[in-house]
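In numbering that gives the first Met the number 0, the protein residues as written are 0 to 709.
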Amino acid sequence: MRNILCLGGLILSCAPAVAAAQDKPGDEATGRDPNVIIVTAQRRAERLVDVPISVNSVSQEDLELKKINSILDLSKAVTSLRFEGHTPAFQPTLRGVGSQVQGAGVDSNVAVYIDGFYLSNNYGMGFDLPNVENVQILKGPQGTLFGRNATGGAILVTTAEPSFEATGRLKLKYTEFNDVTASGYISGPLSSNVAAGLSVYFRKGDGYTRNIVTGADDDAGVKQFSIRPDILFTNHDNLKLRLIYEHNYNSTALGLAASYSDDYNIFGALGVPVGRKASETAENVLPFNQSKGDAIYALAEWNLNDDMTLKSNTGYRHDHLYFQTEGDFSPLDLLWVSAVTDNKTFSQEFVLSGESGRLDWVAGVNYYYNLGKEPDSGIVQGTVRTTLKSQTVKTNAIAAFADVTLEASDGLFLTAGGRYSTEKKVSDTILFGARQPTESERWNKFTPRAVVRYQIEPNTNVYASYSKGFRSGAFTGFPPEKVNPETLDAFEAGFKHASPVFDLNAAAFFYNYKDAQVSIIDLNGLGRTLNAGNQHNYGAEIELAIRPVPEWSINLAGAYLRAKYTDFQGAAAAVPVDVQLAPGFFVPGGWAQVSRDASGTYAPRSPKWTGNIASTYDIDVGAGTIQLAGNVSLTSHFFHFTNEGFREPGYAKVDLNVSYTTEDKHWRGELFVTNLTNHHSAAERIGGPFGTLALYTPPRVFGGSISYNF
């Protein structure tokens with residue numbers, strides 16, 4: 000089956016060099032108004048106001064203004080979205096649905112796609128792509144249109160196609176901590192039927208922490224490089240083929256250097272120096288992760304007639320990672336850990352879409368193969384290294400889906416869709432040098448959706464929807480054990496309005512989240528993954544974009560979320576433990592794990608309130624334009640661990656920038672500051688064996704950039 004689908008993808012991809020850009024649906028209705036947002040959340044281009052899904056669309060300009068340098072910064076622009084964690088792969092949480100589970104064959108439950116290709120792991124997304132056109136964040140389960148592992152939602156990254164006009168952008172940026180970024184994108188025609196593009200990204204900088212033992216300030220530095228050639232073949236009629244190669248390299252310790260966040264640590268009692276501030280660390284083993292990735296994508300599109308389009312998306316990606324970090328974060332040779340991960344993914348998807356009178360429809364098939372390896376995960380105690388686990392997981396998954404929208408009467412639209420997925424995982428493990436029995440499991444799931452949308456007038460809609468999400472099971476932990484799939488039933492009602500002066504979007508939702516996969520530390524101090532019995536999430540969101548005059552824009556967004564376990568027996572809880580050094584003499588020690596009922600407690604990384612305030616103002620100065628911009632992101636308190644462990648206080652972070660763009664739009668210079676108030680929030684707080692650790696987000700950073708566009 001895998002070979003048949005691969006061959007089919009190549010046959011379609013290699014059809015005569017072809018294809019022209021299609022006029023996007025809605026262009027006629029919008030008059031190509033630059034304020035009208037076009038999204039592809041339903042596998043076709045539509046106006047955002049007509050899509051009955053909670054969607055945030057972040058344009059290339061928004062990414063620049065809000066200093067969103069990578070996917071990890073998207074929470075600056077999107078309420079209810081968070082990125083936390085200290086591991087090499089980022090960990091998104093959307094409306095209280097997220098995961099701390101890592102390992103071979105384990106996928107995030109917020110799916111990420113680049114140009115339609117599903118990323119089975121997130122190692123390569125810690126830095127930006129210079130030619131990103133937009134990023135769409137789809138909230139709520141996308142089990143019908145995007146399939147497995149989109150329980151909480153999906154993030155769609157779309158890059159610009161090569162252009163038949165010479166275009167490009169070169170940019171140089173410098174920030175504090177000797178952080179230099181150079182990036183560029185150029186595109187243009189090679190012939191009347193062929194266009195090409197090339198994007199390049201390079202970044203090198205010191206870290207924002209200082210090792211108080213060695214005095215080094217680059218222990219948590221970063222070095223990143225990516226290159227992405229892209230070629231488009233077209234006959235400017237009905238077919239096109241796009242081929243993309245991507246290589247990225249990432250060597251960084253940003254966010255891995257930890258400090259002890261309170262007085263509860265054994266080293267302070269013994270007089271051993273340790274990091275006590277967000278800017279300090281004291282490890283004697285340099286923490287870092289080093290990843291390399293290579294990918295090739297083939298995207299083909301064939302307009303069969305005026306009403307029907309066939310698309311093929313073929314992709315292969317290979318990522319390799321080496322990761323190491325301290326276990327004690329002190330100058331003593333007590334404990335450090337390391338791991339090697341190798342991940343290979345192939346996918347093939349065919350999507351047929353069309354329209355007939357009052358009917359719009361889309362149908363497709365998808366094949367996915369992943370070979371995930373962790374050949375060497377171990378710990379070092381003193382000078383002795385012990386290999387804990389070597390694991391290989393093979394995943395084969397196939398799915399078929401269809402989605403139909405009928406305009407039942409003027410203004411009334413009914414949508415029904417479903418996807419049937421079947422997948423098999425096979426796990427082979429060597430644990431402490433002993434080979435374990437091979438484990439395998441097949442999971443099947445049907446994930447439907449149903450929507451009613453009513454168009455009050457051409458730019459105003461209300462809707463109500465039901466959708467189901469599915470995250471596949473896994474074999475993970477020490478020793479690896481089977482974890483059942485998780486499912487989510489979502490009910491949502493929303494309102495959308497768009498006009499030249501203001502846009503207003505609002506939604507309320509309820510989630511019944513069953514068998515959520517939760518990562519814990521067991522009573523022996525080893526990592527395990529459990530299925531929580533049940534979790535209920537509900538909340539509401541509102542977004543308002545105001546344009547009082549052409550020069551001034553204001554964006555306001557707020558969200559309320561209540562994410563609680565209704566049934567979670569046997570959840571882990573961290574409790575402090577004092578260490579007895581002599582009879583009757585105790586000092587603060589570390590944290591031990593106990594089993595407690597977490598029913599009725601808040602889920603990790605799920606703040607009750609989040610919000611964003613952003614504004615830009617343009618000042619015409621004759622020879623160019625000065626733009627003033629600001630962004631404030633707000634978060635109420637939340638917890639980092641199950642059983643409401645390790646509370647993170649609420650905070651507000653402020654970013655400001657001022658820029659000057661020449662009248663011909665070619666040159667742009669800017670000065671900016673991120674995290675103006677220098678708030679030290681933790682990306683992770685951990686109850687370790689030696690005390691309470693915190694891994695902090697970046698401090699206040701000043702910087703500037705200059706760019707040239709043509």
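We treat Cβ as the ideally placed atom computed from N, Cα and C, and that holds for glycine.
Alpha helix (DSSP H) containing residue i: first to last residue?
i, result
"Leu64", "Gln59 to Leu64"
"Leu694", "Taken as a continuous stretch (DSSP letters only), Leu694 belongs to no alpha helix (DSSP H), being part of the beta strand (DSSP E) at Gly690 to Tyr695."
"Ala268", "Ile265 to Leu269"
Would you kindly report the start and end of the unbroken beta strand (DSSP E) that includes residue i?
i, result
"Phe201", "Val193 to Gly204"
"Phe224", "Val221 to Thr233"
"Asn249", "Leu238 to Thr251"
"Pro587", "Phe584 to Arg595"
"Phe709", "Per DSSP, Phe709 belongs to no beta strand (DSSP E) and is neither H nor E."
"Gly610", "Trp608 to Asp619"
"Glu300", "Phe287 to Asn304"
"Glu480", "Glu480 to Val482"
"Thr600", "Per DSSP, Thr600 belongs to no beta strand (DSSP E) and is neither H nor E."
"Thr385", "Val383 to Ser408"
Between the options, which has its C-alpha nearest residue i's C-alpha?
i, options, result
"Met307", "Gly356, Gln626 and Ala693", "Gly356"
"Asp402", "Ser352, Asp375, Arg441 and Gly381", "Ser352"
"Ser190", "Asn656, Phe232 and Gly151", "Phe232"
"Arg42", "Gly363, Val383, Pro648 and Thr313", "Gly363"
"Thr344", "Ser329, Glu354, Tyr366 and Trp335", "Tyr366"
"Phe509", "Asn536, Pro499, Gly472 and Pro140", "Asn536"
"Pro479", "Lys513, Val38, Ser471 and Arg527", "Arg527"
"Ile455", "Glu45, His496 and Gly204", "His496"
"Ser182", "Phe224, Thr213, Gly377 and Gly204", "Phe224"
"His639", "Ala507, Ala215, Phe287 and Ala693", "Ala693"
"Lys716", "Gln579, Tyr650 and Pro587", "Since the first residue of the chain shown is 0 and the last is 709, residue 716 is not available in this structure."
"Glu542", "Phe494, Pro587 and Leu529", "Phe494"
"Lys170", "Ile295, Glu325, Phe176 and Tyr184", "Tyr184"
"Glu348", "Ser329, Tyr368 and Asp341", "Tyr368"
"Val361", "Val271, Ser471, Ala507 and Thr143", "Thr143"
"Phe637", "Lys65, Thr660, Pro603 and Lys664", "Pro603"
By how many angstroms is the C-alpha of residue j removed from the C-alpha of residue i?
i, j, result
"Pro575", "Leu331", "22 Å"
"Ser706", "Arg168", "7 Å"
"Leu627", "Ile67", "17 Å"
"Leu655", "Asn677", "13 Å"
"Glu662", "Thr624", "7 Å"
"Ser290", "Phe584", "46 Å"
"Ser605", "Val451", "29 Å"
"Asp566", "Ile519", "16 Å"
"Gly476", "Pro582", "38 Å"
"Asn533", "Ala591", "25 Å"
"Leu358", "Val461", "19 Å"
"Arg275", "Gly690", "12 Å"
"Arg646", "Lys563", "15 Å"
"Pro648", "Thr414", "42 Å"
"Asp49", "Val657", "34 Å"
"Leu320", "Tyr616", "43 Å"
"Gly468", "Val179", "41 Å"
"Ala531", "Trp551", "47 Å"
"Phe709", "Trp666", "9 Å"
"Pro484", "Gly668", "49 Å"
"Thr251", "Arg209", "15 Å"
"Tyr559", "Phe431", "46 Å"
"Ile618", "Ile378", "58 Å"
Under 8 Å, do residue i and residue j count as touching if we go by C-beta distance?
i, j, result
"Asp293", "His246", "yes"
"Ile113", "Val156", "yes"
"Lys172", "Asn630", "no"
"Val96", "Ile154", "no"
"Ala40", "Gln135", "yes"
"Gly538", "Thr174", "no"
"Gly206", "Gly187", "no"
"Glu540", "Ser79", "yes"
"Thr158", "Val131", "yes"
"Asn133", "Val35", "no"
"Ala277", "His679", "yes"
"Asn342", "Asn120", "yes"
"Ser346", "Pro51", "no"
Worksheet item: Are three or more beta carbon pairs between the segment 425-436 and the segment 388-395 nearer than 8 Å?
Response: Touching, per the Cβ criterion.
Discussion item. Contact between the segment 563-578 and the segment 594-606 is defined here as three or more beta-carbon pairs at a separation below 8 Å; is this criterion met?
Written reply: Contact annotation: the segment 563-578 touches the segment 594-606, with at least three C-beta pairs closer than 8 Å.
Discussion item. If contact is defined by three or more beta carbon pairs under 8 Å, each pair taking one atom from either stretch, is the segment 144-151 in contact with the segment 669-685?
Written reply: These segments do not touch.
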